[in-house]
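Colleague: Protein sequences, first through last, are from chains A and B. Numbering-wise (my numbering), the first sequence opens with residue 1068 and increments by one. Numbering-wise (my numbering), the second sequence opens with residue 483 and increments by one. This is the structure I have questions about; it appears just below.
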Amino acid sequence: MSNAIPRRNLICAVGAALIATAFGTISFAQQTGPIKIGLLVPLTGPLAAPGIDMVDGFKLYWDQVGNMAGGRKVEYVIADTTCNPDQALTQARRMVHQEKVHIMIGPLCGHEGPAVAQVSKETGVPLVMDTAGADTVTKWDRTPTVVRTAVSASQIGHPFGDYLYKELGARNVTFIGQDYTWGHEVTLGIVQTYKELGGKVAKIIWNPIGTKDYGPTVASIAPDSDAVVAVVVGADRIRLFEAWFGFGMDKKFKIYGGYWMHQDALPQMDDRAIGMIGNSLHYAAGLDTPANKAFVDAFAQKHKRLPSWFSESAYTASLWTRTAIEAIKGNVEDKDAFLKAMRSATIKAPRGTLKMDKYDNPIQNVYVTRIQKINHPAIGSVLTNIPIKTYENVSQFWTWTPEEFLKRGPYKR
Amino acid sequence: MNVRSYGVIMALIALASALAAPLVAGPFWMTLITQIYIYGLLALSVDLLLGHAGLYSLCQASFFAVAAYTTAILQVRYGYPTIVAAPAGLIAGTLLAVLYGSAVRTRGVYFILITIALGYIIWGAMYRWASFTGGDNGITNVPPPSVAGFSIASQTAYYYFVLAVVILCAFGYRILIRSPFGLSLRGIKGSESRMQSLGYRTTMHLYAAFVISGLIASLAGVLYVYYNRFINPVAASFQISVEVSLMAIVGGSGTIVGPFIGAGIFLGLRNWVSSFFELHTAVMGAVFIATVLWAPSGIVGLVERWRTHVGKPKDQQ
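See below:
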């Protein structure tokens, strides 16, 4: 009898070992559970419309790939950041602690970028910055767990300064800039390359976001300017457009959009926009490549409008994320491997071929575009941006070396 | 049950649940509750003026943000330790209140307008003076507070730290509003001319209240910057000043718990409802309208009314 107990113990031990092995397989199998992605966008507030564009682009991509990546199912949570850094930060923490996401994608507003990057830094959850463009995030204030898939603000400005001087022949320009970080960086990026070529700045007029009346602005354009360049965001884009024609400025000056007539604003403009140079941007809905055509058609079929750069941004961020997940065979729990895969991938996006530079910002084409009316089979007659000049493989440092640029410091008014 | 023991029991229940919260709530809820305490403290600073002195100040975010920015800049830019940076933040915010306090020479709508303008000055400085304040990008990477090698790095530790500070403040505040000084503030709110005819220097009383309110707001600012580890001009914006006033009003103006309840409702709605309902701002609007219509003295007032209503027949028995 006395050794019956040890035998029973032995059986128990074997049983326990078996159960443990089973659990071992289960815990291994847990890696094939769903991958959770958190999307941080403003769904309310001043930039709600671009935010919804982002959600549409994001969902379109994941629908197309059947919500699968690296052999695992992909689930996503969408949080409203309201374009307020405080809210963005709290929501990012919710994503990480409550929803237990593996990867965060977002945010949109420039000033939300550093706030969400902060959460990525303190928790180690990778952040794929898909729209926020603050230069500093991929230059002076980098975070090891943050990669940017869209664009650095001044990256789209530099080529336009070149175009303005060389192709448009402008020599004395008045700039209308939006008075906040993104606006400063885009506008002063244009000014930098334009001035280096020998161009003269007649005047820079800064307007805060949400300026209600553009009358005083257009009235104070330097009379001897041979061109005007506009860098405006949000509803200001429409107000400037209306003021421009309302005050008859179209008869006096030539205006070019450095960052102005985006696809999401065009439905609120009209045929007067046709023929104007609308943007210098890393994406244009009218880009004539098979990859972009496929994307635009799918988006237009579903939403009865053309995608803006915000939609493309979220789409491509998802594409880039999924490519990296595929490369590491779905093992997103290994954050370092995921980030390494993000940094080494080459992406064939709707906007062209993308590659990450050593400072975590994509090297990509920048398109100068003209507004034209096209006929899209799914929508009918519609205004869009058609590229007229492509700057290929533009780096966020333009033609300077990173060291030169970093030494010079950020663009500030 | 008399009112006093009822109050003590409620306070004990609240304290017990606050102490137990980290054990029950996940890390997200804990950070949210920490945020509620901090904003509650800021709302309390508003309520000292609004609920007791009858002044509607719309520049509380300025003291909050100046304190937060001072602490952040000293820690991040100049590498000063918490023991220097945190008190410096408190002092900077309070000094601003000493300066801005001259606004109490005006009353009514003029006071509101002046405080709005004063608030915008601070917001503008933080937004525009980018070389010093970081502009729109703000200041990131604020380290966790640490004093003499002892660092409050974990969320749970910081939660308890904030809770302790808030409780101490609430006690101090209770003493303040029950003192003759608090009484004279309420007297001024009731009828300033009568208080003057009784020989009170009403403007000096209001000035003192304004500075104390600035001190509480600064304390909230310092707690906030170590909580968020990040500061940006939005913290100084008019919007924050308005939001904290709403918190005080919804929760129950003129009480101590009211502002905290208001902060809980406000931040809870914004952060929790927004996760499943897109029109969360509409829900918030409905709550405010309902408060104004049916609970003009806030949630606390509503509870009081309900309690006296239910309690009465019992007392008569």
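C-beta atoms are modelled at their ideal positions from N, C-alpha and C, and glycine is treated no differently.
Taking C-beta to C-beta, are Gly601(B) and Cys651(B) nearer than 8 Å?
Modeller: As a working mapping, residue 601(B) is identified with position 119 in the second sequence. As a working mapping, residue 651(B) is identified with position 169 in the second sequence. The answer is no: Cβ separation not under 8 Å.
Colleague: Is it right to say Gln517(B) is buried, meaning 16 or more other beta carbons lie within 10 angstroms of its own, or is it exposed?
Modeller: Within the second sequence, the letter at position 35 stands for residue 517(B). It counts as buried.
Colleague: Would you give the residue range spanned by the beta strand (DSSP E) that Gly1236(A) belongs to?
Modeller: Locating residue 1236(A) in the first sequence gives position 169, counting from the first residue. It is not in any beta strand (DSSP E) - Gly1236(A) carries neither H nor E in the DSSP assignment.
Colleague: With contact counted as at least three CB pairs below 8 Å, one residue from each stretch, are the stretch 1160 to 1169 of chain A and the stretch 1189 to 1200 of chain A in contact?
Modeller: Taking 8 Å as the limit for Cβ pairs, the verdict is that the stretch 1189 to 1200 of chain A does touch the stretch 1160 to 1169 of chain A.
Colleague: When the Cβ atoms of the stretch 555 to 575 of chain B are set against those of the stretch 612 to 630 of chain B, are three or more pairs found closer than 8 Å?
Modeller: Touching, yes.
Colleague: Please identify, using Cβ separations under 8 Å, the residues of the stretch 494 to 517 of chain B that lie next to chain A, in order along the chain.
Modeller: Cβ contacts with chain A come from Gly508, Pro509, Phe510, Trp511, Thr513, Leu514, Gln517.
Colleague: Using 8 Å as the threshold, is the C-beta distance between Gly583(B) and Ser700(B) below it?
Modeller: Working through the second sequence from its first residue, we reach residue 583(B) at position 101. Working through the second sequence from its first residue, we reach residue 700(B) at position 218. Not in contact: Gly583(B) and Ser700(B) (Cβ atoms no closer than 8 Å).
Colleague: How many angstroms separate the CA atom of Arg1209(A) from the CA atom of Lys1425(A)?
Modeller: By one-based count along the first sequence, residue 1209(A) stands at place 142. By one-based count along the first sequence, residue 1425(A) stands at place 358. In a straight line, the C-alpha of Arg1209(A) is about 11 Å away from that of Lys1425(A).
Colleague: Taking 8 Å as the CB-CB cut-off, is Glu725(B) touching chain A?
Modeller: One-based indexing of the second sequence puts residue 725(B) at position 243. So no, Glu725(B) is outside the interface.
Colleague: Does the Cβ-Cβ distance between Glu1393(A) and Ala1136(A) come in under 8 Å?
Modeller: One-based indexing of the first sequence puts residue 1393(A) at position 326. One-based indexing of the first sequence puts residue 1136(A) at position 69. Yes, they are a contact pair.
Colleague: From this set, Leu1473(A), Ile1438(A), His1251(A), Leu1264(A), which residue's C-alpha is nearest Asp1338(A)'s C-alpha?
Modeller: Within the first sequence, the letter at position 271 stands for residue 1338(A). For Asp1338(A), the nearest C-alpha among the options comes from Ile1438(A).
Colleague: Mind pulling the chain B residues with CB within less than 8 Å of Gly1177(A)?
Modeller: Stepping through the first sequence from its first residue, residue 1177(A) is reached at position 110. The contacting residues are Asp618, Asn619.
Colleague: What in chain B is Cβ-close to Gln1131(A), meaning under 7 Å?
Modeller: For the purposes of this step, residue 1131(A) is identified with residue 64 of the first sequence, where counting begins at 1. By Cβ distance, chain B contributes nothing, its closest Cβ being about 24 Å from Gln1131(A), past 7 Å.
Colleague: Can you find a C-beta in chain B that's less than 8 Å from the C-beta of Tyr1487(A)?
Modeller: Outside the shown range of chain A, which is 1068 to 1480, sits residue 1487(A), and nothing can be said about it.
Colleague: Do you know how far the Cα of Ile1276(A) is from the Cα of Asn1151(A)?
Modeller: Here residue 1151(A) is taken as the residue at index 84 of the first sequence, counted from 1. Here residue 1276(A) is taken as the residue at index 209 of the first sequence, counted from 1. For Asn1151(A) and Ile1276(A), the distance between alpha carbons rounds to 14 Å.
Colleague: Listed in chain order, which residues of the stretch 747 to 763 of chain B have Cβ atoms closer than 9 Å to some Cβ of chain A?
Modeller: Those residues of the stretch 747 to 763 of chain B that come within reach of chain A (Cβ to Cβ, closer than 9 Å) are Leu749, Arg752, Asn753, Trp754, Ser756, Ser757, Glu760, Leu761, His762, Thr763.
Colleague: Can you tell me whether His1349(A) is helix, strand or coil according to DSSP?
Modeller: Taking the first sequence and counting its residues from 1, one reaches residue 1349(A) at position 282. Three-state DSSP puts His1349(A) in coil, outside helix and strand.
Colleague: For Ile698(B), which residues of its own chain have a beta-carbon under 8 Å away from its beta-carbon, when the five flanking residues on both sides are left out?
Modeller: For the purposes of this step, residue 698(B) is taken as residue 216 along the second sequence, with counting starting at 1. The answer, listed in chain order, is Leu523, Leu524, Leu526, Ser527, Leu530, Cys651, Tyr655.
Colleague: Does DSSP put Val1132(A) in a helix, in a strand, or in coil?
Modeller: Here residue 1132(A) refers to the residue found at position 65 of the first sequence. Three-state DSSP puts Val1132(A) in coil, outside helix and strand.
Colleague: Would you kindly report the start and end of the unbroken alpha helix (DSSP H) that includes Thr1254(A)?
Modeller: On the first sequence, position 187 is the one that residue 1254(A) refers to. Run containing Thr1254(A): 1248 to 1263, per the alpha helix (DSSP H) assignment.
Colleague: Only counting the same chain, and skipping five residues up and downstream in sequence, which positions put a Cβ closer than 8 Å to that of Ala1096(A)?
Modeller: What you label residue 1096(A) is simply residue 29 of the first sequence in a count that begins at 1. Residue placement at Ala1096(A) cannot be trusted, given a pLDDT of 42 that sits under 50; what the coordinates show is reported in the next sentence. None.
Colleague: Can you check the stretch 754 to 794 of chain B for any alpha helix (DSSP H) of at least 4 residues that lies completely inside it and give the ranges in chain order?
Modeller: Counting only runs of 4 or more, we get 762 to 776.
Colleague: In this structure, what does DSSP give as the bridge partners for Ser1287(A)?
Modeller: Reading the first sequence from its first residue, position 220 is the one you call residue 1287(A). DSSP, once it has assigned bridges, lists no residue as partnering Ser1287(A).
Colleague: Can you tell me which of Thr1436(A), Gly1180(A), Ala1294(A), Gln1185(A) puts its alpha carbon nearest to the alpha carbon of Gly1200(A)?
Modeller: One-based indexing of the first sequence puts residue 1200(A) at position 133. Residue Gly1180(A) is the option with its Cα nearest to Gly1200(A).
Colleague: Answer with buried or exposed for Ile771(B), where buried requires no fewer than 16 other C-beta atoms within 10 angstroms of its C-beta.
Modeller: Here residue 771(B) refers to the residue found at position 289 when the second sequence is read from its first residue. Per the 10 Å Cβ criterion, exposed.
Colleague: Along the chain, which unbroken stretches of the alpha helix (DSSP H) at least 4 residues long are found entirely within the stretch 1132 to 1199 of chain A?
Modeller: Whole alpha helix (DSSP H) segments, 4+ residues: 1152 to 1160, 1179 to 1190.
Colleague: Please identify the residue among Met1162(A), Thr1451(A), Val1214(A) whose C-alpha is closest to the C-alpha of Met1409(A).
Modeller: Working through the first sequence from its first residue, we reach residue 1409(A) at position 342. Of the candidates Met1162(A), Thr1451(A), Val1214(A), the one whose C-alpha sits nearest the C-alpha of Met1409(A) is Val1214(A).
Colleague: Could you tell me whether the Cβ atoms of Leu1354(A) and Tyr1434(A) are closer together than 8 Å?
Modeller: In the first sequence, residue 1354(A) corresponds to position 287, counting from 1. In the first sequence, residue 1434(A) corresponds to position 367, counting from 1. Yes.
Colleague: Excluding the 5 residues flanking Val707(B) on each side, which residues of the same chain have their C-beta closer than 7 Å to its C-beta?
Modeller: The count along the second sequence starts at 1 and reaches residue 707(B) at position 225. So the list reads Ala550, Thr553, Ala554, Val624, Ile713, once near-sequence residues are dropped.
Colleague: Is it true that the CB of Ala579(B) sits closer than 8 Å to the CB of Phe545(B)?
Modeller: Indexing the second sequence from 1 puts residue 545(B) at position 63. Indexing the second sequence from 1 puts residue 579(B) at position 97. Yes, they are a contact pair.
Colleague: Grab the span of the alpha helix (DSSP H) containing Ser1448(A) for me, first residue to last.
Modeller: Position 381 of the first sequence, counted from the first residue, corresponds to residue 1448(A). Ser1448(A) -> not in any alpha helix (DSSP H); beta strand (DSSP E) instead, spanning 1447 to 1461.
Colleague: Figure out for me which residue from Thr1451(A), Tyr1326(A), Glu1459(A), Asp1427(A) has the closest Cα to the Cα of Gly1419(A).
Modeller: Here residue 1419(A) is taken as the residue at index 352 of the first sequence, counted from 1. Closest by alpha carbon: Glu1459(A).
Colleague: Could you please tell me which residues of the stretch 640 to 656 of chain B, in chain order, have their CB closer than 8 Å to any CB of chain A?
Modeller: Per Cβ criterion, the list is empty.
Colleague: If Thr1157(A) and Pro1109(A) are in contact, beta carbons under 8 Å, what's the gap, nearest whole angstrom?
Modeller: Translated into the one-based positions of the first sequence, residue 1157(A) becomes position 90. Translated into the one-based positions of the first sequence, residue 1109(A) becomes position 42. The pair is not a contact, with the Cβ atoms about 14 Å apart (cut-off 8 Å).
Colleague: State the start and end residues of the unbroken beta strand (DSSP E) segment that holds Lys1402(A).
Modeller: As a working mapping, residue 1402(A) is identified with position 335 in the first sequence. Taken as a continuous stretch (DSSP letters only), Lys1402(A) belongs to no beta strand (DSSP E), being part of the alpha helix (DSSP H) at 1402 to 1411.
Colleague: Closer than 8 Å, Cβ to any Cβ of chain B: which residues of the stretch 1437 to 1450 of chain A, in chain order?
Modeller: Going along the stretch 1437 to 1450 of chain A in chain order, one finds no residue with a Cβ nearer than 8 Å to chain B.
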